[in-house]
Every structure is written in C-alpha cells, then in structure tokens.
Amino acid sequence: MTTHAEQLKALLPFQSHFLNRNGNQLHYINEGEGEPVVMVHGNPSWSYYYRNLVSALSSQHQCIVPDHIGCGISDKPNDPDYDYTLKNRIDDLEALLDSLGVIENITLVCHDWGGMIGTGFAARHPQRIKRLVYLNTAAFHLPDTKPFPWALWICRETLLGTLLVRGLNAFSSAASYVGVKRKPMDKAVREAYVAPFNSWKNRISTLRFVQDIPLKAGDRNYDLVTEIGDSLKQFANVPTLICFGLQDFVFDKHFLAEWRERMPHAQVHEFADCGHYILEDASDEVIGLIQQFIETNK
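Right, dumping it as structure tokens:
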C-alpha cells in the first residue's frame, strides 16, 4: 500500500532529501549544480509550487527548495513537538543551508510567507545574498492602507476558523481556486496543492501560519517582523526582481506599493490579470523574467 509520503513524492519530478531538525524530518529538493537558487514557499503551499522553476533553472544552478515543517513531505508534528512560529522557520532555513554549505552567491526566491522567512534569513546573513526575487509576498508589516482580510481574521481569531481550516481544509482548498485568475488550475494540479493537507493533524501548519501573523505591538513576532522590514535597507545595492499578480486578495497593490517604497531600485513587473499563485497564472512569463534577471545580474 502506498504511503501518503510516497504519494506526495510521486507529484514531484525530483529526488527527495531530508534534514533532521530536532527530531522532525524537513524535506527538501536539491537539484542541479552552480550558483544556488533558494526557493521559499508560503502558506498553504509546499515545494510543488516551484516545480517548473526548478526544471527551468537546474541545468545551470543548484536549486534548493525546502518544505517547511508541517508542509509538503516534511513531518507534521503537533504543537508540543514543534513551535510553529516565524523564528523557527528562519532557523530551519538557516540550518538547511548551513548543512549544505550554501554560504555565498544565493539567489533568494520568495512567495507568500516565504518572503518573511527568506528575508529573515537574509537579514542574518546579508553577505550570502547575491539576488532577491519576490513573488506576491511581504517582508514587512501589513501596510497602513490595507485592511486585514476578513477571511484571514476568521481563521486567525475564531473557533469557526479552526474548524474550517483543520476540519474542512477550507484554506488550502479555497486558495487553489481563488489563487489563480487567468484560468482555473487543472484538476490534477489543484489536487497536488491540497494533497499534503489531507487530515486534521496534517493541517496544523496551515492554521498556525495564519495565527502567527503579528498585527499589533505585543503580538509574538511583531518585533521580529519590524526588524525584517528594517533590514531591507541593507539590500539597496542587491539586484531585486518583484513580480506581482494584482488580483491577489491579500498581497495586492497595497503591498506592491510598499515594496516600491522600500526597494526603489527593484525591477518590478505587474500582472493585472493574475492572482496569488503567480507561478501558476503566468508561469512562462515569470520564469522567463527570473532567468533573464539572473543572466543580466551575473
């Protein structure tokens, strides 16, 4: 009988690797050789999101894509066995790259919560970063102009949200529909996105990610997010590419305006007809832009 992990591995056309993190197995992809491209996913996603980008870049680059603990093929421990918080996510990424000896010339590609995690790592090790790529993400607090989305508030604050996310997989399932705008995901792709989150137990990270969003001073990680946002100043001379689908219901024009203000040197591409999963909506275009960006900034 095929295990759940084996079913997930079959969805990725790459070999699986694992790092033991304090008793939990962190799964990652490590394909190709050359300058490293580290791809950091968000919520509710996993390394599958970057499958086409890995295929496009791995002939010339070492492509490293972790599944955060609780996501993808990584272990999905209960709360006593893992503290689902931003600092630990950054620690995990740091430990993985240290274990692989990836200490220089990193192109960092971030999506969704991956922007906070990846930039948190970059803030610790700015000397390791050669290029930055941001896709519908943030590395700073909710912009003043942006109301906190009601759907996230329900998930973050209410018992109903817990029941919807962990009982019905509402967050991951809904994202696979509303996260694309140009055309619906193929059924097989949509099923692949939600496949890791197939039970109450295995949906813990989906909920904890939302509950970990700091909105006001005193919230856990509020100061850390402030520090991460402030750290962007030190990357003013680092080549940066930003691609945004403007129909994302969270990371929308308000976030893009904040990016423009904080990273005025960045090369920015807007996609008016695309949503959150920009690498699904505009796969060929965005991958082409990333390839050109890396080639231009050698």
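According to UniProt numbering, the sequence shown is numbered sequentially starting from 1. Ideal Cβ positions, reconstructed from N, Cα and C, are used throughout, including at glycine.
As summarised for the segment 126 to 189, the continuous alpha helix (DSSP H) elements at least 4 residues long and confined to that stretch are 150 to 157, 159 to 162 and 170 to 178, given in chain order. Asp-92 places its beta carbon less than 9 Å from that of Ile-69.
The Cβ neighbour count for Gln-247, taken over all protein chains shown within 10 Å, is at least 16; the residue is labelled buried. Straight-line spacing of the CA atoms in Cys-71 and Trp-113 works out to 12 Å. Excluding sequence positions up to five before and after Met-116, its CB lies within less than 7 Å of the CB of Leu-86, Ala-138, Ala-139, Val-225 and Ile-228, all in the same chain and listed in chain order. When the Cα atoms are used, Phe-249 and Lys-146 turn out to be separated by approximately 11 Å.
Looking at the backbone, the Cα of Ile-287 and that of Lys-130 are separated by about 18 Å. In this structure, the beta-carbon distance from Pro-196 to Leu-19 does not fall below 9 Å. Residue environment analysis places Trp-259 among the buried positions, since at least 16 neighbouring C-beta atoms fall within 10 angstroms of its C-beta. Boundaries of the alpha helix (DSSP H) harbouring Met-116: 114 to 124, taken from the DSSP string. Secondary structure of Phe-244 (DSSP, three-state): strand. Using a 10 angstroms sphere on the CB of Pro-184, the tally of other CB atoms stays under 16, which defines it as exposed. For Phe-197, the three-state secondary structure derived from DSSP is coil. Remark: C-beta atoms of Tyr-84 and Phe-209 approach each other more closely than 9 Å. The straight-line gap separating the alpha-carbon atoms of Gly-23 and Ile-29 is approximately 19 Å. Annotated as proximal: Glu-31 and Phe-14, with beta-carbon spacing under 9 Å.
Of the residues assessed, Arg-220 falls on the exposed side of the cut-off, its CB having fewer than 16 other CB atoms within 10 angstroms.
Beyond the five residues adjoining it in sequence on each side, Ala-266 comes within less than 6 Å, by CB distance, of Thr-240 and Ile-242 in the same chain, given in chain order.
In this structure, Ser-45 places its C-beta atom within 9 Å of the C-beta atom of Ala-175. The residue from Asn-297, Leu-207, Ser-231 and Gln-62 with its alpha-carbon nearest to that of Glu-157 is Leu-207. In the same chain as Gln-234, and ignoring 5 residues on each side of it, the C-beta atoms closer than 7 Å to its own belong to Pro-126, in chain order. In the displayed model, His-276 falls within coil according to three-state DSSP, outside both helix and strand. Its chain contains Arg-128 as the residues whose beta carbon lies nearer than 6 Å to that of Ile-103, once the 5 sequence neighbours on both sides are disregarded; these appear in chain order.
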